[in-house]
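Enquirer: Just passing along the structure, written as structure tokens.
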Amino acid sequence: MLYYSLNHQSPKVTFAEAAVRGQAPDKGLYFPEHIPQLPKGFIKNIRSYSKEELGFIVMKPYIGESIPDDVLKQIVAETINFDFPLVKVTDDIYSLELFHGPTLAFKDVGARFMSRCLGYFNRHAYHHTTVLVATSGDTGGAVANGFLGVDGVEVIILYPSGKVSPIQELQLTTCGQNITALEVQGNFDDCQAIVKQAFMDADLMGKLSLTSANSINVARWLPQQLYYFFAYRQWQQEHPPVICVPSGNFGNICAGLVAHLSGLPVKHFIAACNANDAVPEFLKTGNYQSKQAVATISNAMDVGNPSNFVRILELFNNELPALQNVLSSYSIDDATTAATIKNVYEQHNYMLDPHGAVAYYALNQYLNSRAHLNSPSEPVPIHREAGGGIFLETAHPVKFPDTVEEATNTKIPFPESVQYLQGKEKKSIVMPASFEAFKEWLMKR
Ligand SMILES: *Cc1c(COP(=O)(O)O)cnc(C)c1O
0 MLYYSLNHQS PKVTFAEAAV RGQAPDKGLY FPEHIPQLPK GFIKNIRSYS KEELGFIVMK
60 PYIGESIPDD VLKQIVAETI NFDFPLVKVT DDIYSLELFH GPTLAFKDVG ARFMSRCLGY
120 FNRHAYHHTT VLVATSGDTG GAVANGFLGV DGVEVIILYP SGKVSPIQEL QLTTCGQNIT
180 ALEVQGNFDD CQAIVKQAFM DADLMGKLSL TSANSINVAR WLPQQLYYFF AYRQWQQEHP
240 PVICVPSGNF GNICAGLVAH LSGLPVKHFI AACNANDAVP EFLKTGNYQS KQAVATISNA
300 MDVGNPSNFV RILELFNNEL PALQNVLSSY SIDDATTAAT IKNVYEQHNY MLDPHGAVAY
360 YALNQYLNSR AHLNSPSEPV PIHREAGGGI FLETAHPVKF PDTVEEATNT KIPFPESVQY
420 LQGKEKKSIV MPASFEAFKE WLMKR
């Protein structure tokens, strides 16, 4: 399998090269030459495979010859060595819980897979690679945890001071070893701007072998397909599920669409957004307008110009009607999100995080609206869309304690798996929100 740049001005590369580079030299995103089709009988027999076998079968065509089979099997097994349970919330709505990994958010899978791939590509340590990553909270922890102790790779995380939750900050700043946390006196956009500028800076690029661990990297993007297979394996209903994904940079849902185009049965996809509504607006009007990100309580989705959306367009040959057949999108405001956390907790005894709440609400709304479409002569919906659906619960509520505890009036217990963080000492380097300051610091190291 080769990967081409969506800007079409750079040569095709292998998986290994795409993963090491992050972005093509022409600044385009890498995209697989074709979408491999699942082996015959795979879906019918999906329950007969272990999740490790399933992960290997799905990922192998994308990796090609870049990694030998025995190493890839090991990488996949280490990447997914925790649970991905599908939990019933209402009669027809299920939660796919993706927060059982080490940093309590779904980004663990992409970060663990990518770090192990880079570790393999760097196994002779000919090069020393520096990974730069900007985070609004979850990415940094997942990347730090995934790369901790990987030989030949140094990770520098830029996070906005005071704008991540206490657990997130501990996850970012207490690793030590090859992980350095920069506490930037600005917002997430400032962090991202510094990282972007670093990749365009000749001095830095000349001195260091820099790569990015943001979701544009194919090694972070593609393994996210596995969530959708794990969901389907646990789905007991007759009809394929509607799947709703809380979306920010649209990497996760784009991976789901890839899984579907390779043969995974999904009735419909929904991209649930907060007030950052570039994609919902596009699907409604056909007009794409990138916007300034606005801050919300589901802050991991505060993205004004989602970087993976070009990949979704490519999957559908830029044909809007074809895309609309498969994908709907909703924008949900903060008041509705908080009310959803409260209502679902009171009525169904299930604690959502703000991102999962956006997705729950969008899915519920879609199931109702479909009922209306199914019987256009009826003035109000009488039956919901048959079969029901799944939303992706992308983070543990304890990562967003202020919002969730206020909405539910309940103290969230600190999960056992992160209790080791309590009492650890934060180590960060405070930095003004200025590229010049960052560059000077990095050049001097
Ligand atoms: C990153 C993140 C998202 C958004 O995922 P994308 O792949 O960027 O669309 C949603 N929820 C949580 C909790 C996240 O950390």
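The sequence shown maps to residues 0 to 444 in numbering that gives the first Met the number 0. Note that CB positions come from ideal geometry on N, CA and C, so glycine has one too.
#1: What's the gap between the Cα of I311 and the Cα of G145?
#2: Identify, in the order they occur along the chain, each residue of the same chain with its Cβ nearer than 6 Å to the Cβ of S65, setting aside the five sequence neighbours on each side.
#3: E182: buried (16+ other C-beta within 10 angstroms of its C-beta) or exposed?
#4: Label S114 either buried or exposed according to how many other C-beta atoms from any shown protein chain fall within 10 Å of its C-beta, with 16 as the threshold for buried.
#5: For a quick check, are the C-beta atoms of A212 and V132 less than 8 Å apart?
#6: Please name the residue in L351, G27, E51 and N304 whose C-alpha comes closest to that of E77.
#7: When you compare the CB positions of V244 and F228, do they come within less than 8 Å of one another, or not?
#8: Tell me whether P245, by its Cβ, gets closer than 7 Å to a heavy atom of ligand 1.
#9: Report yes or no: do three or more beta-carbon pairs, one from the region 188 to 204 and one from the region 165 to 178, lie closer than 8 Å?
#10: Run the CB neighbour count on S49, radius 10 Å, all protein chains shown included, and call it buried at 16 or more, exposed below.
#11: Using DSSP with H/G/I as helix, E/B as strand and the rest coil, what is P165?
#12: Assign H126 to buried or exposed, taking buried as 16 or more other Cβ atoms, counted over all protein chains shown, within 10 Å of its Cβ.
#13: Can you tell me whether M204 is buried or exposed? The criterion is at least 16 other CB atoms within 10 Å of its CB, across all chains shown.
#14: Using a Cβ-Cβ cutoff of less than 7 Å, which residues in the same chain neighbour P222 once the five nearest sequence positions on both sides are dropped?
#15: On the DSSP bridge assignment, give the partners of P159 in chain order.
#16: Would you identify the three-state DSSP class for C116, choosing helix, strand or coil?
#17: Assuming contact is defined by CB atoms lying nearer than 8 Å, are A436 and A358 in contact in what I supplied?
#18: Contact check, S427 vs A180 under 8 Å by CB: the rounded distance?
#19: Per DSSP, what kind of secondary structure is H267 in: helix, strand or coil?
#20: In or out: K398 buried (at least 16 other Cβ within 10 Å) or exposed?
#21: Rounded to whole angstroms, what is the Cα-Cα separation between A230 and N363?
#22: Within 10 Å of its beta-carbon, does G422 have 16 or more other beta-carbons around it, so buried, or fewer, so exposed?
#23: Have a look at H354, S327 and S328 and flag the residue whose alpha-carbon is nearest the alpha-carbon of T339.
#24: Within the present structure, is the beta-carbon of G250 separated from the nearest heavy atom of ligand 1 by less than 7 Å?
#25: Nearest to L401 by alpha carbon, out of Y365, D352 and A356?
#26: Only counting the same chain, and skipping five residues up and downstream in sequence, which positions put a Cβ closer than 6 Å to that of S374?
#27: Answer yes if the region 0 to 8 comes into contact with the region 26 to 40, meaning at least three C-beta pairs across the two stretches below 8 Å, and no otherwise.
#28: I need the DSSP call for K147, collapsed to helix, strand or coil.
#29: Does DSSP classify C190 as helix, strand or coil?
#30: Could you check what DSSP says for P380 in three-state terms: helix, strand or coil?
#31: Return the bridge partner residues of C243 from the DSSP annotation.
#32: Please name the residue or residues paired with L131 in a DSSP beta bridge.
#33: For A432, which residues of its own chain have a beta-carbon under 6 Å away from its beta-carbon, when the five flanking residues on both sides are left out?
#34: Measuring CB to CB, does L117 end up less than 8 Å from A18?
#35: Looking at ligand 1, does it come within less than 7 Å of A299, judged from the CB to the closest heavy atom?
#36: Mind pulling the beta strand (DSSP E) runs of 3 or more residues that sit fully within the region 22 to 91?
Expert: Reading from the atomic positions:
#1: 27 Å
#2: T13, F14 and A15
#3: buried
#4: buried
#5: yes
#6: E51
#7: no
#8: yes
#9: no
#10: exposed
#11: helix
#12: exposed
#13: exposed
#14: M58, T78, V108, G109 and F112
#15: V183
#16: helix
#17: no
#18: 4 Å
#19: strand
#20: buried
#21: 18 Å
#22: exposed
#23: H354
#24: yes
#25: The identity of residue 401 in the sequence shown is Asp, whereas the question assumes Leu. If we check each option's Cα against that of D401, D352 comes out closest.
#26: Any answer about S374 is weak, because its pLDDT of 49 lies below 50 and its placement is not dependable; what the coordinates show is given next. Cβ within range, chain order: n/a, list empty.
#27: yes
#28: Strictly speaking, residue 147 in this sequence is Leu, with Lys absent from that position. L147: coil per DSSP, three-state reduction.
#29: helix
#30: Legend: pLDDT at P380 = 49, less than 50; position of this residue unreliable, value from coordinates given subsequently. If DSSP states are grouped into helix, strand and coil, P380 belongs with coil.
#31: I269 and F390
#32: I155 and S211
#33: V183, Q184, G185 and D189
#34: yes
#35: yes
#36: 29 to 31 and 85 to 87
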